[in-house]
Amino acid sequence: MDPCRNEGELVAGYWMWQVKSKEEAIEWLKRAPFEDTEVEIRQVFEAEDFGDEFTPELREQEERLRAEMEAKQK
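To convert a position in the sequence shown, counted from 1, into our numbering, add 1172.
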């Protein structure tokens, strides 16, 4: 047991990598400075990933929500 942690304590965080494939992300993860740790890999999408399905109306909605979130953080 790690003497710096209490039993049952959750230590969390995240890294974001821009990679070409899930396999490349796994290779990066193999170099991570920890062992015996549960890790979850999630894909993050950008607006461009949705092509024509990301209509001007959806783009406008996203921009409005983004502006609202930024205003709340100030």
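Don't be surprised by glycine CBs; every beta carbon is placed ideally from N, CA and C.
From a predicted model like this one, the values you see are computed outputs, not experimental measurements.
Simplified DSSP assignment, three categories, for residue i
i	result
residue 1246	coil
residue 1235	helix
residue 1222	helix
residue 1173	Low confidence applies here, because residue 1173 scores a pLDDT of 48, under 50, leaving its location unreliable and the question unanswered by this model.
residue 1241	helix
residue 1230	helix
Close Cβ partners of residue i (< 8 angstroms) along its chain, the five nearest in sequence each way excluded
i	result
residue 1193	none
residue 1219	1226, 1231 and 1234
residue 1190	none
Reference residue i; option with closest CA among the options
i	options	result
residue 1157	1222, 1205 and 1187	There is no way to answer for residue 1157, as the model of the chain reaches only from 1173 to 1246.
(request) Taking only runs that begin and end inside the region 1193 to 1220, name each unbroken alpha helix (DSSP H) of 4 or more residues, in chain order. (result) 1194 to 1201
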